[in-house]
Each structure stands twice: as structure tokens, then as C-alpha cells.
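Engineer: To convert, count from 1 in the sequence shown and add 599; that's my numbering. Glycine included, every Cβ here is placed at the ideal spot set by N, Cα and C. Because the structure is a prediction, the values reported are computed rather than measured.
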Amino acid sequence: MNKKKEMICIMCPMGCELTVEQVDGKIKVSGNTCNRGITFAEEELTSPKRMVTTSVKTEKGVKACKTTIPVPKDKVFEVVKEVEKLRLKSAKYGQIIIKNVLGTGADVIVTAND
Ligand code: SF4
């Protein structure tokens, strides 16, 4: 089966416009300026992933946090929901607040200082 898809590479601020064609099981990428665009397009077609940035509630307010690595795109909202369940006494920069969130292999860490 042949498939053709347009996408923007989000691996760097250049935002190259990629054309991805799948012909007889082989993936062909064009429009990329570097090889990271090929990796991005292949992953986007087979198992898309995203970093999750959100905030966690503490007794002093909210703190920014993020996953340490991208998680499967279809788990992004579930990860946000897991963080929303937390109410921490305090949170320090770099602190792991959820280890291996939803079995994705990603930890959720605090990214803001007091
Ligand atoms: S293909 Fe390379 S240069 Fe273009 S947006 Fe992706 S990472 Fe950046």
C-alpha cells in the first residue's frame, strides 16, 4: 500500500516541511535538511512520541514540570492527568515526582526553582 503524508519536523526550530511516502513498506522522506528529519518522520509514521510539559500543584502554588523523555503521543493526556492527581508539600528543581509514568520509561521532573 502506498501512503503520502506532509508534516513539519519539530526536532529543531527550522521546522522543515517534510513529505513522507510509504511505498511497498519502505519509507522515503524528502524536504529534510538533516538526518534527524528522517528519524522524526519514520517515528511519526510508526510510533509518534511527544515530550509532556505541564505543572504540578504544591502547597505554595504550582511548579512547572516535564517528562525526561518523549512518551507515546496517545499517552500525553493520561500523563497530564497523573500529574494533576498530585498535591506536593514542596517541589525542588530536578526532583522526580513520578518515576516511570504509566510504564512509559519516562520520569516526570520539576523544572522550576522556588
Ligand atoms: S530536518 Fe533537521 S534541520 Fe529540519 S527541522 Fe528537522 S532537525 Fe531541524
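1. Using the Cα positions of Val651 and Asp623, report the straight-line distance between them to the nearest angstrom.
2. Which parts of the stretch 627 to 685 are runs of the beta strand (DSSP E), unbroken and 3 residues or longer, counting only runs that do not cross its ends?
3. Can you pull every residue whose C-beta falls closer than 5 Å to some heavy atom of ligand 1, listed in chain order?
4. Tell me whether Ala690 is buried or exposed, calling it buried when 16 or more other Cβ atoms sit within 10 Å of its Cβ.
5. Which residue comes first and which comes last in the beta strand (DSSP E) that contains Gln694?
6. Which value, in whole angstroms, describes the spacing of the CA atoms of Thr653 and Lys688?
7. Leaving out five residues before and five after Met606 in sequence, what residues of the same chain have Cβ atoms less than 7 Å from its Cβ?
8. Which value, in whole angstroms, describes the spacing of the CA atoms of Glu608 and Asn631?
9. How long is the line joining the alpha carbons of Gln621 and Asn699, rounded to whole angstroms?
10. Of all the options Cys633, Ile637, Cys611 and Gly614, which has the alpha carbon lying nearest to the alpha carbon of Lys625?
11. On a CA-only basis, which of Gly704, Lys603 and Lys627 is nearest Val678? Give me that one, please.
Structural biologist: So, to answer that:
1. Val651 and Asp623: Cα-Cα distance of roughly 34 Å.
2. Uninterrupted beta strand (DSSP E) stretches at least 3 residues long and entirely within the stretch 627 to 685 occur at 652 to 657 and 660 to 666, given in chain order.
3. Those residues that have a beta carbon less than 5 Å away from any non-hydrogen atom of ligand 1 are, in order along the chain, Cys608, Met610, Cys611, Met613, Cys615, Asn631, Thr632, Cys633, Arg635 and Gly636.
4. The residue is buried, with at least 16 neighbouring Cβ atoms inside 10 Å.
5. Under the DSSP assignment, Gln694 falls outside any beta strand (DSSP E); it carries neither an H nor an E label.
6. When rounded, the separation of the alpha-carbon atoms in Thr653 and Lys688 is 18 Å.
7. If we look at Met606 and ignore the five residues flanking it on each side, its Cβ neighbours are Leu617, Val619, Ala640 and Glu643.
8. At residue 608 the sequence reads Cys, which differs from the Glu that was named. C-alpha separation (whole angstroms): 8 Å.
9. Straight-line Cα distance between these residues: approximately 33 Å.
10. It is Ile637 whose Cα lies nearest to the Cα of Lys625.
11. Nearest neighbour of Val678 by Cα position, chosen from Gly704, Lys603 and Lys627, turns out to be Gly704.
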